[in-house]
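Residue numbers for the sequence shown follow our numbering, beginning at 3 and rising by one.
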Amino acid sequence: MRQEQLEFCTDSPFTAQYDFSPLNTHFETRSLDDLLEWALATFGRKVAQVTSFGPTGMVILDRLAKLAPGIRIITLDTNFLFDETYALMEQVQQRYSIELDIRRSPLTPEAQATAYGPALWESAPDHCCHLRKVVPLGEVMGELDAWITGLRRDQSPTRTQMPLVTWDHKYDLVKLNPLAGWTRGQIWSYILEHNVPYNPLHDQGFASIGCTHCTHPTTNTADERSGRWKGRTKTECGIHLA
3 MRQEQLEFCT DSPFTAQYDF SPLNTHFETR SLDDLLEWAL ATFGRKVAQV TSFGPTGMVI
63 LDRLAKLAPG IRIITLDTNF LFDETYALME QVQQRYSIEL DIRRSPLTPE AQATAYGPAL
123 WESAPDHCCH LRKVVPLGEV MGELDAWITG LRRDQSPTRT QMPLVTWDHK YDLVKLNPLA
183 GWTRGQIWSY ILEHNVPYNP LHDQGFASIG CTHCTHPTTN TADERSGRWK GRTKTECGIH
243 LA
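Structure follows, in structure tokens:
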């Protein structure tokens, strides 16, 4: 693996013009660990996982904890998460002996209510996501050269063409989607086989879990994100949109 890593390293920084297709072709037939090891060797301390502790993110976190115990794990606390999510965050820190890098909006919920009304998530959900997710994540992205996500192609119709390695035009760095090609079934098989912690709300019909105001159980197994922003055309919080 070391020789293959060296072959794909570059003397010049990755840019928006870099051709990632050889990397994607290579890693489509390689293991999750192969891609993660390449990322660790290539970006060192300048790569981090960003996760909300969904099933896919937990699989990646479990592998990273074994491959690189000191890797930075970033999460966004919107101040509106489920109690079960906060409990999972504590469980993750204890299980893997890590200290999460928890990012929050500089705007408190009270200040947001004063400035925009008591339910911005209803009146302007895109702006609410921008304030509570996009802004705090943007503040830390300048410290990184690459970030690791838990996106998969089968999660939503908007994600079917997702590459494993790409350039993130929103944040100007490399974006890694190491489990893009995995299915929901594969994710849960790994979780159960390796006793990986997960949010108990998944056992109550929640396929994708975000803020309390905007997350609902769903029976639509073809679109995991159908329980988010129910009744709206909105499908993304904004951090994965260019």
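Note that the Cβ used here is the ideal one computed from N, Cα and C, for glycine as well.
Bear in mind that the values here come from a model prediction, so they are computed numbers and not experimental data.
Distance between Val142 and Glu124, taken at the CA atoms: about 27 Å.
Under the DSSP assignment, Ala113 falls outside any beta strand (DSSP E), being part of the alpha helix (DSSP H) whose first and last residues are Pro111 to Tyr118.
Ranking Cys213, Asp174 and Leu178 by CA distance to the CA of Gln19 puts Asp174 first.
In this structure, the beta-carbon distance from Arg106 to Pro138 falls below 7 Å. Taking a C-beta distance under 7 Å as the contact criterion, Gly56 and Gly152 qualify as a contact pair. Boundaries of the alpha helix (DSSP H) around Asp64: Pro57 to Leu69. Apart from the 5 residues on each side of it in sequence, Ile62 sits with its Cβ closer than 8 Å to the Cβ of Leu34, Leu38, Gln51, Thr53, Ile150, Gly152, Pro180 and Leu181 in its chain, given in chain order. Membership of Arg186 in any beta strand (DSSP E) is not indicated; the residue belongs instead to the alpha helix (DSSP H) covering Arg186 to Glu195. When DSSP states are grouped into helix, strand and coil, Leu178 belongs to the strand group. The residues Asp156, in chain order, have a CB closer than 7 Å to that of Thr185 in the same chain once the five nearest residues on each side in sequence are set aside.
CA-CA distance, Tyr98 to Gln188, rounds to 22 Å. Per DSSP, reduced to three states, the secondary structure at Ala50 is strand. In the three-state scheme derived from DSSP, where H, G and I count as helix and E and B as strand, Arg97 is classed as helix. Its chain contains Thr80 and Phe82 as the residues whose beta carbon lies nearer than 6 Å to that of Cys213, once the 5 sequence neighbours on both sides are disregarded; these appear in chain order. Residue range Ala148 to Ile150 is occupied by the beta strand (DSSP E) that includes Ala148. Leu203 and Ile193 do not touch by the CB rule: their CB atoms are close to 14 Å apart, not below 8 Å. Sequence-distant partners of Pro111 (beyond 5 residues in either direction) whose C-beta falls short of 6 Å from its own C-beta, in its chain, are Asn81.
Contact between Leu42 and Ala70 holds: CB atoms are separated by about 5 Å, below the 8 Å threshold.
Taking His196 as the centre and dropping the five residues before and after it, the same chain places the C-beta of Asp64 closer than 7 Å to its C-beta, in chain order. Phe16 sits away from Leu166, with the two beta carbons spaced by 7 Å or more.
Annotated as distal: Ala148 and Leu122, with beta-carbon spacing of 7 Å or more.
Per DSSP, Val142 is not a residue of any beta strand (DSSP E); the alpha helix (DSSP H) it occupies stretches across Val137 to Met143.
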